[in-house]
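For reference, the structure is listed below as structure tokens.
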Amino acid sequence: MKAVKIIAIVLLVAFVVIQFIPVDRNQSDSVPKTDFMLVNDVPSDIKDKLRVSCYDCHSNNTQYPWYNKVQPVAWFLEGHIKEGKSELNFNEWDALSNRRKASKLRSIIKQIESGEMPLASYTLIHKDAIFSEEETKQVVKYMENLKDSL
Amino acid sequence: MSKLKLVIGVVAIAFVTLTAASCKDAKTEKNNSTDHHSEMNANGDHSKMNHDNSDGHHDGEKKEMAMSGDGNPQAVLNDYFNLKDALVGDDNAKAKELGAILATSLGKLDISKYTGAQQSDLRDIVEDAVEHAEHISESDIAHQREHFKILSKDMTDMVAITGTENTLYQQFCPMYDGGSAWLSMSEDIKNPYYGSKMLTCGKVQKEIN
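Structure representation (structure tokens):
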């Protein structure tokens with residue numbers, strides 16, 4: 002009994018302590034001129050979908066719910082954001098050449114169609130990030146058109 | 032007495048947690064350095080391979096390119112063909128390795144002798160191709176083939192600027208992903224998108240000299 006109590010206290014203290022380890026937050030006040038939404042004429046429902054489902058990890062600005070500020074969740078998230086942004090950063094879209102845009106659009110289409118993105122670990126908590134069949138069709142069609150217009 | 036034990040315990044665990052946390056960073060760094068290391072290894076192997084290639088050049092015809100295998104488009108093409116052969120052979124692990132090697136040789140491509148417009152095109156092609164080659168170096172075979180398709184387009188566009196020492200064949204499989212092309216040194220069809228599943232699907236679309 003005593004042991005259980007000690008372990009509980011220890012865990013609690015450890016939990017509190019790790020909260021003080023600093024983490025880089027992916028947050029920015031301004032949206033650069035190269036943003037996907039600014040350089041393309043994106044219909045508003047697609048805009049909303051991309052913001053909710055993609056922008057947390059693929060832009061310079063993550064919407065952090067409270068639990069994502071809590072360690073060790075924040076560490077886990079930080080890694081994903083870093084990787085996500087290095088693959089694709091919607092904020093820096095227009096800095097890419099047409100060839101690279103076409104490559105990225107192909108990947109975007111493939112990942113959404115196959116359901117690889119958004120990541121299951123993300124949609125587990127962000128239910129609204131899940132693409133319905135209709136939304137998938139809509140976004141894929143938009144991306145296809147954009148690719149063909151390059 | 033038990034209170035003292037408790038305090039000691041708490042402090043110890045807090046210490047362990049902190050150490051674990053800092054270990055996490057150290058581990059990431061270590062991973063990075065391992066990556067570098069393997070890149071360097073690939074590099075090393077690669078320069079060896081290029082040496083072999085350039086020796087080949089010496090035997091055949093004397094070209095200034097042959098002076099150094101690194102940086103010339105032929106070295107990139109050779110790595111691309113090796114990668115293609117791995118995909119033809121359904122060899123995921125080998126394709127991973129060769130993808131990394133191709134990424135390195137692409138990064139070394141010397142574009143200084145081309146015109147300004149060509150240089151900017153080549154830079155663009157290389158940047159795109161490197162990304163696909165890197166993905167190939169870390170993906171399953173289905174993904175590797177997806178990236179190989181775009182990589183093949185990049186290589187075709189590169190050859191359009193740099194030219195080629197050998198006759199190349201642009202081949203085309205109408206079945207894969209709405210129709211997909213690749214380059215080959217040989218006229219025979221060996222399909223990198225399907226491998227053994229449909230080895231001879233496709234036809235020669237164009238001869239590139």
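Listed in order, the protein sequences are those of chains A and B. In case it helps, our numbering puts the first sequence at residues 2 to 151. In case it helps, our numbering puts the second sequence at residues 32 to 240. Glycine included, C-beta positions come from ideal geometry on N, C-alpha and C.
Endpoints, alpha helix (DSSP H) assigned at Gln-201 (chain B) | Numbered from its first residue, the second sequence carries residue 201 (chain B) at position 170. Per DSSP, Gln-201 (chain B) belongs to no alpha helix (DSSP H); it is in the beta strand (DSSP E), 199-204.
Extent of the continuous alpha helix (DSSP H) run through Ile-132 (chain B) = Residue 132 (chain B) sits at position 101 when you count from the first residue of the second sequence. Looking at the DSSP string, the run of the alpha helix (DSSP H) that includes Ile-132 (chain B) is 123-138.
At a Cβ threshold of 8 Å, is Ile-181 (chain B) touching chain A?
-> Taking the first residue of the second sequence as 1, we reach residue 181 (chain B) at position 150. It does; some Cβ of chain A falls within 8 Å.
Looking at chain A, which residues of the stretch 151-184 of chain B have a Cβ within less than 8 Å of any of its Cβ atoms?
-> Asp-155, Ile-156, Glu-158, Asp-159, Glu-162, His-163, Glu-177 and Ile-181
Does Arg-26 (chain A) come within less than 8 Å of chain B when only Cβ atoms are used?
-> In the first sequence, counting from the first residue as 1, residue 26 (chain A) sits at position 25. Cβ-Cβ to chain B under 8 Å: no for Arg-26 (chain A).
Measure from the alpha carbon of Ile-19 (chain A) to the alpha carbon of each residue in A:Trp-67, A:Gln-72 and A:Lys-50, then state which is nearest.
-> As a working mapping, residue 19 (chain A) is identified with position 18 in the first sequence. Selected option, being the one with the closest Cα: A:Gln-72.
Take Ala-73 (chain B) and list the residues in its own chain whose beta-carbon comes closer than 7 Å to its own, dropping the five residues that flank it on each side.
-> Mapped onto the second sequence, residue 73 (chain B) falls at position 42. Confidence in Ala-73 (chain B) is poor, its pLDDT being 42 and thus under 50, which makes the residue's placement too unreliable to answer from.
Distance between Ile-8 (chain A) and Arg-68 (chain A) (C-alpha atoms, nearest Å) | Indexing the first sequence from 1 puts residue 68 (chain A) at position 67. Indexing the first sequence from 1 puts residue 8 (chain A) at position 7. It is worth fixing the name first, because residue 68 (chain A) is Tyr in this sequence and not Arg. Using only the alpha carbons, I get a separation of about 24 Å.
Cβ neighbours of Phe-37 (chain A) in the same chain (closer than 6 Å, five flanking residues each side left out) = The residue labelled residue 37 (chain A) in the question sits at position 36 within the first sequence. Within the same chain, Phe-37 (chain A) has close Cβ partners Phe-91 and Trp-94.
Apart from the five residues just before and just after Ser-54 (chain A), which ones in its own chain have a Cβ nearer than 7 Å to its Cβ?
-> Against the first sequence, residue 54 (chain A) aligns to sequence position 53. Around Ser-54 (chain A): Pro-119, Ala-130 and Phe-132.
Would you list, in chain order, the members of the stretch 80-98 of chain A that have their beta-carbon closer than 7 Å to a beta-carbon of chain B?
-> Ser-98
Proximity test, Cβ basis, 8 Å: Asn-84 (chain B) and chain A | Counted from its first residue, the second sequence places residue 84 (chain B) at position 53. Low confidence applies here, because Asn-84 (chain B) scores a pLDDT of 44, under 50, leaving its location unreliable; read the following figure in that light. So no, Asn-84 (chain B) is outside the interface.
Helix, strand or coil at Ile-131 (chain A) [DSSP, three-state] = In the first sequence, counting from the first residue as 1, residue 131 (chain A) sits at position 130. Residue state, collapsed to three classes: coil.
Could you tell me whether any Cβ in chain B is nearer than 8 Å to the Cβ of Ser-104 (chain A)?
-> One-based indexing of the first sequence puts residue 104 (chain A) at position 103. At least one chain B Cβ lies under 8 Å of Ser-104 (chain A).
Please list the partners that Arg-101 (chain A) has in chain B, where partner means a Cβ-to-Cβ separation under 9 Å.
-> Numbered from 1 along the first sequence, position 100 holds the residue referred to as residue 101 (chain A). In chain order: Asp-155, Glu-158, Asp-159 and Glu-162.
Considering only residues of the same chain and omitting the five flanking positions on each side of Met-216 (chain B), which have a CB-CB separation below 7 Å?
-> As a first step, residue 216 (chain B) is located in the second sequence; it is residue number 185 there, counting from the start. Same-chain partners within the cutoff: Phe-112, Asn-197 and Leu-199.
When Cβ atoms are compared, which residues of the stretch 103-127 of chain A fall closer than 7 Å to chain B?
-> Ser-104, Arg-107 and Lys-111
Under a three-way DSSP split, which group does Glu-238 (chain B) fall into?
-> The residue labelled residue 238 (chain B) in the question sits at position 207 within the second sequence. Reduced to three states, the DSSP call for Glu-238 (chain B) is strand.
Could you give the C-beta distance for Gln-236 (chain B) and Gln-202 (chain B), rounded to a whole number, given that I count them as a contact under 8 Å?
-> By one-based count along the second sequence, residue 236 (chain B) stands at place 205. By one-based count along the second sequence, residue 202 (chain B) stands at place 171. Indeed they touch by this definition, with Cβ atoms about 6 Å apart.
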